[in-house]
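Note sheet for the following structure.
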Amino acid sequence: MAFVLILVVSINFLVIAVLRTYFCSMVQFFNKYKAFFIGVLLMFPIFYVMNYFEFIHLPKNNPLEIVIYAVFWGILTALPFYHYHYLKTKQRTVLNVLGLMVLFFVALFIDSYMQMPDNPVTFVLLMAFWFGFAYLLIPAFIKKYWKLIAFIYGPLFLYFLYLRLFTGNLETYLKIKEDFPFYLFFLPIPVLFLIWLFEQWKWVQNLKADKAKAELALLRTQINPHFFFNTLNNLYALTVKHSEKAPEVILKLSDMMRYTIYEGDKEMVTLEDEIEYLNNYIELHKIRYKKSVEIAFNHEVDTSLTVAPLLFIILLENAFKHGIETLAENAFIHITLKEETDFIIFSIENNFDPNEISPTNGIGLQNLRSRLSLLYKNKHELKVDVSNNLYITTLKIAKHA
12 MAFVLILVVS INFLVIAVLR TYFCSMVQFF NKYKAFFIGV LLMFPIFYVM NYFEFIHLPK
72 NNPLEIVIYA VFWGILTALP FYHYHYLKTK QRTVLNVLGL MVLFFVALFI DSYMQMPDNP
132 VTFVLLMAFW FGFAYLLIPA FIKKYWKLIA FIYGPLFLYF LYLRLFTGNL ETYLKIKEDF
192 PFYLFFLPIP VLFLIWLFEQ WKWVQNLKAD KAKAELALLR TQINPHFFFN TLNNLYALTV
252 KHSEKAPEVI LKLSDMMRYT IYEGDKEMVT LEDEIEYLNN YIELHKIRYK KSVEIAFNHE
312 VDTSLTVAPL LFIILLENAF KHGIETLAEN AFIHITLKEE TDFIIFSIEN NFDPNEISPT
372 NGIGLQNLRS RLSLLYKNKH ELKVDVSNNL YITTLKIAKH A
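Numbering (this note's numbering), first residue to last: 12 to 412.
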């Protein structure tokens with residue numbers, strides 16, 4: 012008996028706890044969205060008062076339609092109160108919206124009070140309301156194309172006023188109206204909408220282009236420190252040994268720094284300048300090596316062709332770093348630069364010690380792939396082949412005459 016009593020009490024406490032939690036959640040939900048609940052409830056008396064004074068006409072046999080209208084307008088009316096703190100920072104926009112709402116209700120009042128079919132005053136006020144509403148939503152578009160909009164709607168509006176005011180009495184106008192294509196007032200809307208979509212598409216494309224330029228600039232800044240870090244390490248080794256070749260290395264490094272800073276910032280450079288830069292880099296490394304190293308650079312190409320700067324140097328750096336640096340003897344690097352009908356091909360073949368291979372390619376090759384995707388998109392190919400102790404890298408890029 013005691014067990015049953017304990018069980019019943021426990022269940023009661025559990026039910027009370029669940030109900031309390033649910034009630035608290037409902038209270039929190041109501042407090043958070045009370046503006047919408049109050050707005051919907053207030054719409055019912057407002058609708059019936061407006062219906063009583065014949066500002067609007069509520070359907071008598073369709074209460075569901077009235078509920079839908081009340082929910083829609085209640086939520087719409089409650090939005091400013093729900094976002095009150097945000098709207099405090101947008102006072103000018105709020106005043107413009109309130110002005111448009113006043114204009115809309117004035118148009119409804121005039122239309123209801125005068126009870127005139129196709130009232131020109133109401134027509135003018137409603138046109139002002141809709142154009143003002145469009146200006147709030149897309150101000151830049153309206154400012155840019157206001158002449159086109161005026162060119163389209165100006166004649167239509169003047170023709171409507173002519174038909175309504177200067178073609179005789181109301182009966183005559185109503186007869187003309189039966190044959191007048193009023194759809195012409197709505198026909199330009201999809202055309203203007205398509206123009207707006209095209210503007211948005213252009214904006215997105217420009218945004219992508221700006222983003223690509225920013226990424227490319229960042230990648231260029233990463234290339235310079237990467238290269239000079241390796242070169243300064245080489246120079247440090249020579250100065251420690253008090254080598255007579257150190258001044259020559261400094262001079263070549265100075266020339267290469269000049270090229271990297273001034274030419275590397277350009278969008279395109281000639282192959283002649285790029286070849287000279289690569290030769291300087293090769294000569295700089297030859298100075299510091301005492302071991303037997305075979306380096307051959309063959310270039311059969313029109314040197315007036317242009318390419319993006321500092322693309323080939325990364326592949327050459329990798330050949331030195333992961334090839335010659337890992338071998339004690341018989342190290343070689345064979346470099347070829349040639350052209351085809353539509354492409355320039357740069358290839359490097361070097362041997363390496365398989366036991367000393369680096370598990371990662373470093374930031375150089377990663378940045379090269381990123382730059383190629385930004386500069387040449389689908390007009391390039393970077394291929395890497397590794398077999399035994401041989402490393403072959405081929406870069407194929409489109410020509411820029």
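Quick reminder that beta carbons are idealized off the backbone N, C-alpha and C, glycines included.
For clarity, every value in this text was computed on a predicted model and none was experimentally measured.
- In the DSSP annotation of this structure, His333 is not part of any beta strand (DSSP E); the continuous alpha helix (DSSP H) holding it starts and ends at 323–333.
- Lys349 is not a Cβ neighbour of Val395, given a cutoff of 8 Å.
- In the structure shown, Leu198 adopts coil according to DSSP, grouped into three states.
- Between Ile160 and the set Leu114, Phe177, Ala409, Phe204, the nearest pair of CA atoms involves Phe204.
- Two segments are said to touch when three or more pairs of C-beta atoms, one from each, lie closer than 8 Å; by this definition the region 99–109 does not touch the region 119–129.
- Straight-line measurement puts the Cα of Asn389 at about 55 Å from the Cα of Leu114.
- In this structure, Glu328 is the residue among Val215, Asn399, Glu328 with its C-alpha nearest to the C-alpha of Asn290.
- For Pro56 and Ala139, the gap between their C-alpha atoms comes out near 29 Å.
- The three-state secondary structure of Lys407, taken from DSSP, is strand.
- Around the Cβ of Asn361, a 10 Å sphere holds 16 or more other Cβ atoms; the residue is buried.
- One thing to note: Thr100 has its Cβ no nearer than 8 Å to the Cβ of Ala118.
- Between the C-alpha atoms of Ala220 and Lys410 there is a straight-line separation of about 21 Å.
- Closest by C-alpha distance to Pro201, out of Gln216, Ile163, Thr178, is Ile163.
- Taken through DSSP and simplified to helix, strand or coil, Tyr402 comes out as strand.
- Around the Cβ of Leu243, a 10 Å sphere holds fewer than 16 other Cβ atoms; the residue is exposed.
- In the DSSP secondary-structure assignment, Val304 is bridged to Ala342.
- Here Arg269 is exposed, its C-beta having fewer than 16 other C-beta atoms within 10 Å.
- The C-beta distance from Ile408 to Ile355 rounds to 5 Å, short enough to meet the 8 Å contact threshold.
- Judged by DSSP secondary structure, Asn62 falls within the alpha helix (DSSP H) whose first and last residues are 45–63.
- Taken through DSSP and simplified to helix, strand or coil, Val395 comes out as strand.
- Membership of Ser358 in any alpha helix (DSSP H) is not indicated; the residue belongs instead to the beta strand (DSSP E) covering 354–362.
- If you check the CB distance, Ile86 and Phe47 come in under 8 Å.
- Pairing Gly165 with Ile67, the inter-Cα distance amounts to about 30 Å.
- Where Val312 is concerned, there is no enclosing alpha helix (DSSP H), because DSSP gives it neither an H nor an E.
- A residue is called buried when at least 16 other Cβ atoms come within 10 angstroms of its Cβ; Met112 does not meet this threshold and is exposed.
- Around the beta carbon of Glu189, a 10 Å sphere encloses fewer than 16 other beta carbons of the protein chains shown; the residue is thus reported as exposed.
- If you look at Gln126, you'll find it isn't in any alpha helix (DSSP H); DSSP assigns it neither H nor E.
- For Tyr170, the enclosing alpha helix (DSSP H) covers residues 150–177.
- Only residues of its own chain outside the window of five on either side were considered, and among them none has a CB closer than 8 Å to the CB of Trp141.
- Counting the other CB atoms within 10 Å of its CB gives Pro320 a total of 16 or more, which places it among the buried residues.
- Shortest Cα-Cα distance from Asn400 to any of Thr317, Tyr93, Leu406, Phe363 involves Phe363.
- Within 10 angstroms of the beta-carbon of Ala307 lie fewer than 16 other beta-carbons, which makes it exposed.
- Beta-bridge partners of Val318 (DSSP): Val280.
- Membership of Glu259 in the alpha helix (DSSP H) is indicated by the continuous run 257–269.
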